[in-house]
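Take a look at the structure set out below.
Protein chains in written order, with the working numbering: chain A, 6 to 247; chain B, -13 to 191.
Quick look at the structure:
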């Protein structure tokens, strides 16, 4: 018999509520260019509405917006000094800003300026054990993604808390997300709650159930950049730097 | 039984290191468009029939790691320098981009190594784009000269520079999880220091 935890129950309620809003055309009072089906509700989820046509938003499941005041990042697993950090503590790390393109395996891509800190800051703080080769991210939308520690330590990988000079919006992963511009978007988890050091990275949510590689490296292929009118272009694999 | 296994292993090794002779002479190079193909003259050379495998590369570079049971898969995650050094250590070299194209395209300017028609079989059965098969498994992917896996396997380093990168040849194109076979004239570029899961190599002489 299926057991419902309090969290599962709340998320299910959220999903039902969102479907209800969508089906019956309810919209919040905050109408305008910024509104979508979640605007004015406590929930957030996948959307292509209005402003998000310039930078699509994907989430695994609708979820209750993260409260930045109460949010903490838990880092644990195969490390000597597990930590629980607040957003302000993360913002105290040396700041790094980079412009990079997020390429979705669905074909579209979009570019932004991301600000945050390098993963090595967290890595040094928790002192990982030698056998810890993998990193697991658990997110507010119940999404799980994982990667090699060496990929997280690449110079172009960023732990981002701001986008285009503003704090991350709920849609783009508030309060903290990964930016790995050489991997498809599904390897860039958002709204992170927890980081765990493990021996080997397990399959993430999409690679486990879908046709996506666990590695997630951007392959030579085609791109349809949203900021360039979705005009088809060929890309050569790895980070798209234009 | 042991003797048979040893001889089978020797046969596999021999096949893996086999080279195909490409005769001197002209071939048709470039993208088939209104400008037409260019005739390029090349001297005689040989090229590996198959891509270098994980087992072969690991025999030379003890630090090369790959998943168990992928010994016969093409070696990837290899920098241009490592690929070049491997070839030199085996008294070979990386092929130039033109040599690679002639070996794939033959003398009749064909679009795919096997001819001008797409194969009915999908370019990639796993939809992940990551090659998970032994070299030479696709029996249809055979070039004019008999070189294997030049359109349906990993991309391959060449010796040729373009801009500040190296020309790479012959791999799949991802079109929203629907993979296209590489065409004989397709070119992509990669920074020589990069390692990619989709990029391997073969040698020439």
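Every residue, glycine too, gets a C-beta built ideally from N, C-alpha and C. Because the structure is a prediction, the values reported are computed rather than measured.
Using a Cβ-Cβ cut-off of 7 Å (strictly less than) and excluding sequence neighbours within five positions of residue 145 of chain A, which residues of its own chain qualify? 68, 71, 196, 198
Of the residues B:179, B:188, B:151, B:190, the one placed nearest residue 65 of chain B, counting alpha carbons only: B:179
Is the segment 51 to 61 of chain A in contact with the segment 118 to 136 of chain A, if contact means three or more CB pairs nearer than 8 Å? no
CA-CA distance, residue 187 of chain B and residue 75 of chain B? 14 Å
Residues in the same chain with beta-carbon distance under 6 Å from residue 165 of chain A, minus the five sequence neighbours each way, listed in chain order, please. 119, 121, 182, 184
Of the residues B:123, B:151, B:150, B:169, the one placed nearest residue 137 of chain B, counting alpha carbons only: B:169
Is the segment 13 to 25 of chain B close to the segment 78 to 93 of chain B, with three or more CB pairs under 8 Å? yes
Quick one: give me the first and last residue of the beta strand (DSSP E) that residue 164 of chain A is part of. 163 to 168
Using the three-state DSSP reduction, which class does residue 44 of chain A fall into: helix, strand or coil? coil
Which residues, in chain order, does the segment 95 to 120 of chain A contribute to contact with chain B at a C-beta distance below 9 Å? 110, 111, 112
Determine the extent of the beta strand (DSSP E) in which residue 103 of chain A is found, giving its start and end residues. 101 to 108
Considering only residues of the same chain and omitting the five flanking positions on each side of residue 30 of chain B, which have a CB-CB separation below 8 Å? 7, 8, 9, 10
Mind checking residue 237 of chain A: buried by the 16 CB within 10 Å criterion, or exposed? exposed
For the alpha helix (DSSP H) that contains residue 282 of chain A, what are its first and last residues? Shown here, chain A extends from 6 to 247; a query on residue 282 of chain A therefore has no answer.
For the putative contact between residue 63 of chain B and residue 182 of chain B, defined by C-beta atoms under 8 Å, what is the C-beta separation to the nearest angstrom? 7 Å
Nearest neighbour of residue 97 of chain A, chosen from A:123, A:117, A:79 [CA to CA]: A:123
Buried versus exposed call for residue 2 of chain A [16 or more other C-beta atoms within 10 Å across all chains shown]: Chain A is shown from 6 up to 247; residue 2 of chain A falls before or after that span and cannot be answered.
Return the Cβ separation of residue 131 of chain A and residue 87 of chain A in integer angstroms, given the expectation that the two are a contact with Cβ distance under 8 Å. 6 Å
Have a look at residue 111 of chain A and residue 231 of chain A and give me their C-alpha separation to the nearest angstrom. 12 Å
At 8 Å on the CB atoms, spell out the chain A contacts of residue 176 of chain B, in chain order. 241, 242, 243
Based on DSSP bridge pairs, tell me the residues matched to residue 14 of chain B. B:25
Just to make sure I have the definition right: I need the residues of chain A whose C-beta is within less than 7 Å of the C-beta of residue 183 of chain B. Which are they? 220, 222
Which residues in the same chain as residue 161 of chain A place their Cβ atom closer than 6 Å to its Cβ, once the five residues preceding and following it in sequence are excluded? 186
Can you have a look at residue 21 of chain B and say buried or exposed, based on whether 16 or more other CB atoms are within 10 angstroms of its CB? exposed
Does DSSP put residue 132 of chain B in a helix, in a strand, or in coil? coil
Residues that residue 209 of chain A contacts on chain B, provided the C-beta gap is smaller than 8 Å: Under the 8 Å cutoff, chain B gives no residues; its nearest Cβ is about 13 Å from residue 209 of chain A.
Does the CB of residue 123 of chain B have a neighbour CB from chain A at under 8 Å? no
Give me the chain B residues within the contact set of residue 135 of chain A, using Cβ-Cβ distance strictly less than 7 Å, ordered along the chain. Those do not exist, as residue 135 of chain A stays about 16 Å from chain B at its closest Cβ, beyond 7 Å.
Those runs of the beta strand (DSSP E) which lie wholly inside the segment 113 to 176 of chain B and span at least 3 residues: 141 to 148, 151 to 155, 159 to 161, 164 to 166, 174 to 176
On the DSSP letters alone, give me the boundaries of the beta strand (DSSP E) that residue 202 of chain A sits inside. 197 to 203
So, is residue 25 of chain B buried or exposed, given that buried needs 16 or more other C-beta atoms within 10 angstroms? exposed
Residue environment, residue 4 of chain B, which counts as buried when at least 16 other CB atoms sit within 10 Å: exposed
Residue 59 of chain B vs residue 117 of chain B beta-carbon contact at 8 Å: yes
Can you tell me whether DSSP reads residue 52 of chain B as helix, strand or coil? coil
In the DSSP output, which residue or residues are listed as bridge partners for residue 156 of chain A? Beta-bridge pairing links residue 156 of chain A to no other residue.
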